[in-house]
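Top line first, the protein sequences correspond to chains A and B.
Its first residue numbered 3, the first sequence is counted upward by one per residue in my numbering.
Its first residue numbered 541, the second sequence is counted upward by one per residue in my numbering.
Ideal Cβ placement from N, Cα and C applies to all residues, glycine included.
The structure appears below as structure tokens.
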Amino acid sequence: MMRFIISRALQALPVFFIVITAVFFMVRFVPGGPFDKEKPVSKETLAALNSYYGLDKPLGAQYVKFLGNLAHGNLGPSYKYQGRMVGELILEKSAVSAKLGAAALLLALFIGLLCGVMSACLKNRRLAEALDAFSMLGICLPAFVLGPLLIYVFSLKLGWFNAMGLNYPSDIVLPSITLALFYCAWIAKLSKNSMSAELKKDYVRTQRAKGAAESSVRLSALRSALMPVASYLAPAAAGLLTGSFVVESIFQIPGIGRFFISSALDSDYTMIMGCVMLYSALIIVFNILADIALALLNPKIAKEMRSK
Amino acid sequence: MKQGGIKHLMAAALEDKITLAAFAYLCVMVLLCFGAPFFAPYAYQAQDLSIGASAPSLSHIMGTDAAGRDVFSRILYGGRISFTVGLLATFVAVLIGAFYGTVSGMASRRTDALMMRFVDIVYALPFTVFVILLMVAFGRSLWLIFIAIGAVEWLTMARIIRGMTLDLKSRQFVEAATALGQSGFGIIFKHILPNIAPTLMVCATLTVPSVMLLEAFLSFLGLGVQAPLPSWGGLVKDGAEYMLDAPWLLIFPTLFFSATLFSLNRIGEKLSTANAERFSK
């Protein structure tokens with residue numbers, strides 16, 4: 003098991019390295035620097051700022067310095083939020099986003115699987131159709147419509163929740179629903195398709211013929227049916243935990259999602275690098291976790307791994 | 541394998557009544573939107589500041605926005621943009637995805653691994669950062685939106701197509717063609733592409749709605765189609781801002797937008813079920 007994880011991590015390392023290198027040069031080739039969008043500054047000030055942050059040096063030298071700092075875990079100062087380090091900003095903001103994202107992930111997984119698996123198992127076609135239509139909602143309604151709608155109904159009309167911020171425990175409900183519904187739709191769809199395909203297979207028929215209880219038959223089918231969901235969850239979880247620009251701006255939540263957009267718009271180079279590294283690292287980690295989950299769900303592979 | 545081409549899939553999918561209704565709705569919408577100059581009662585940029593944001597009435601069946609522009613007309617013109625973005629970006633994605641996927645599947649093991657690592661790398665880039673950099677570098681334009689969205693959507697397509705190509709490559713009829721001395725590209729065009737065409741169509745049908753959602757997201761960021769040109773994403777986004785004072789600005793565009801996304805997803809779902817049955821037989 004350990005060997006499997008280490009080898010996957012080693013395979014992922016070059017991908018991570020290439021991603022950060024590509025983004026490092028991409029942001030610098032885009033015209034406009036971090037300091038030309040603010041109030042017009044004099045040429046001298048601009049030059050001084052650039053030299054203070056080392057932006058006047060050749061690209062190669064900047065890149066080497068960036069890698070050196072990275073090796074020490076130093077992501078450098080933010081150009082936009084002067085006086086703040088990218089590392090601490092990201093830690094602070096991503097904690098908020100991660101909390102929200104984790105709540106949304108659990109919600110999406112629970113509702114999505116419930117809808118999908120129930121729809122696959124139901125004998126009543128009408129009810130199954132209704133469930134499918136409900137789970138489609140998330141793909142048909144953009145988050146920036148759903149969010150204001152939820153606020154309108156549950157905060158302004160009913161007064162159950164606060165419309166904005168993330169100060170009380172109950173504040174997490176509306177934004178996490180807004181965030182979860184899209185993923186919920188996908189999870190429901192994937193689990194329904196795989197579960198109904200699984201229930202048609204020969205081994206299910208054999209089990210039924212042998213007189214196994216329907217619940218245990220379904221449980222064993224669910225095991226294989228979860229595989230496509232596991233592979234979908236890897237990038238989904240990375241996306242959810244790094245926050246959403248839409249949800250965070252609608253609900254006024256100070257998370258990391260907004261930095262992904264604003265840092266790119268402001269050419270805040272160090273901040274972009276920080277965000278990209280966070281996202282890529284999460285993608286890689288979750289892909290490895292998904293591979294492990296896939297191995298555990300697949301009885302054949304799980305057996306091989308245990309015998310090793 | 542070859543039985544059950546695209547026609548057969550369509551017929552199987554349209555047996556379902558809801559899907560048939562979805563298909564009919566899409567046909568009507570495409571006709572109305574692309575014929576917007578004929579069907580729209582007003583021009584999309586025609587303002588009437590004297591009435592401002594007015595509720596639905598006989599002269600403006602879906603009301604007007606803050607600048608007094610007819611919402612129904614803007615929905616039709618906006619649909620034209622949304623469908624164009626959806627279809628063209630999907631076309632780009634299918635083209636790149638199918639080409640990349642088949643070549644990677646047919647290539648030697650080493651090239652294949654290299655090509656797939658490249659896909660992994662692009663996958664690990666956060667999409668929004670990439671799009672914003674593109675927009676900042678080249679300015680906003682409709683073409684750039686196609687390219688940006690197409691550049692992201694082809695990745696999934698390439699993975700699926702490569703998997704299928706690998707599977708097909710090991711089948712006897714392809715091995716026979718190789719033994720007879722047919723070239724790699726000949727095999728791709730004669731044997732691989734016809735067999736993956738139905739799957740490509742399923743992918744394409746499901747890509748169109750996700751592209752339209754992406755366009756809406758870009759509009760939310762302010763990176764969508766340039767005003768006064770309307771797109772559905774832009775209309776829905778503007779509507780959400782005036783939700784309290786002028787709900788019709790949100791309700792009508794969202795209705796059309798969501799119904800279109802639902803229809804496309806529904807058809808794609810049914811096609812994909814029919815396609816999966818083709819393989820299990």
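Under the 7 Å criterion on CB atoms, residue 765 of chain B is classed as non-interfacial with respect to chain A. With a 10 Å radius around the Cβ and a threshold of 16 neighbouring Cβ atoms, residue 809 of chain B comes out buried.
When the Cα atoms are used, residue 786 of chain B and residue 596 of chain B turn out to be separated by approximately 10 Å.
Residue contact check for residue 776 of chain B against chain A: a CB pair falls below 7 Å. For residue 177 of chain A, the three-state secondary structure derived from DSSP is helix. Taking the Cα of residue 574 of chain B as reference, the smallest distance to any Cα among B:777, B:617 and B:551 is reached at B:617.
In the DSSP annotation of this structure, residue 165 of chain A is not part of any alpha helix (DSSP H), being labelled neither H nor E.
For residue 282 of chain A, the chain B residues whose Cβ falls inside 7 Å of its Cβ are 664, in order along the chain.
Within 8 Å of the CB of residue 266 of chain A, the CB atoms of chain B belong to 668, 669, 672, 673 and 676, in sequence order along the chain. Our two residues, residue 779 of chain B and residue 793 of chain B, have alpha carbons roughly 8 Å apart in a direct line.
A buried status is given to residue 582 of chain B, since no fewer than 16 other beta-carbon atoms sit within 10 Å of its beta-carbon. Exclusion of the five residues before and after residue 628 of chain B leaves 686 as the residues of its chain whose Cβ lies within less than 7 Å of its Cβ. Note: residue 768 of chain B is not bridge-paired with any residue in the DSSP secondary-structure output. Residue pairing by DSSP places residue 79 of chain A opposite A:87 in a beta bridge. Between residue 284 of chain A and residue 240 of chain A, the C-beta gap is smaller than 7 Å, which places the two residues in contact. For the C-beta of residue 798 of chain B, the chain A residues within less than 7 Å are, from N- to C-terminus, 142 and 143. Note that the stretch 746-766 of chain B touches the stretch 139-147 of chain A; at least 3 beta-carbon pairs, one per stretch, sit closer than 8 Å. Contact annotation: residue 81 of chain A and residue 36 of chain A have beta-carbon atoms nearer than 7 Å.
A distance below 8 Å between beta-carbons, with the five flanking residues on each side excluded, links residue 796 of chain B to the following residues of its chain, in chain order: 569, 615, 619 and 772. Annotation for residue 632 of chain B: the continuous alpha helix (DSSP H) segment containing it runs 611-646. In the DSSP secondary-structure assignment, residue 604 of chain B is bridged to B:610. Within the stretch 60-89 of chain A, contact with chain B at the beta-carbon level (separation under 7 Å) is assigned to no residue.
Taking 7 Å as the threshold, the shortest C-beta distance from residue 556 of chain B to chain A does not fall below it. Contact between residue 197 of chain A and residue 299 of chain A does not hold, since the beta-carbon distance rounds to 13 Å and is not under 8 Å. The beta-carbon of residue 801 of chain B is placed less than 7 Å from the nearest beta-carbon of chain A. In the DSSP assignment, residue 245 of chain A falls outside any alpha helix (DSSP H) and carries neither an H nor an E.
Residues of the stretch 623-634 of chain B with a C-beta atom less than 7 Å from some C-beta of chain A do not occur.
By the Cβ-count criterion, residue 743 of chain B is buried, with 16 or more other Cβ atoms from all chains shown falling within 10 Å of its own Cβ.
For residue 71 of chain A, the three-state secondary structure derived from DSSP is helix. For the pair residue 626 of chain B and residue 751 of chain B, the CB atoms are nearer than the 7 Å cut-off. Uninterrupted beta strand (DSSP E) stretches at least 3 residues long and entirely within the stretch 780-813 of chain B do not occur. Annotated three-state conformation of residue 203 of chain A is coil, per DSSP.
For the options B:745, B:735 and B:632, the alpha carbon positioned closest to that of residue 683 of chain B is the one of B:632. When only Cα atoms are considered, residue 745 of chain B and residue 816 of chain B end up about 15 Å apart. Contact of residue 277 of chain A with chain B by beta-carbon distance below 8 Å involves 666 and 669.
Look at the beta carbons and you see the stretch 199-213 of chain A not touching the stretch 234-252 of chain A: under three pairs across the two are nearer than 8 Å.
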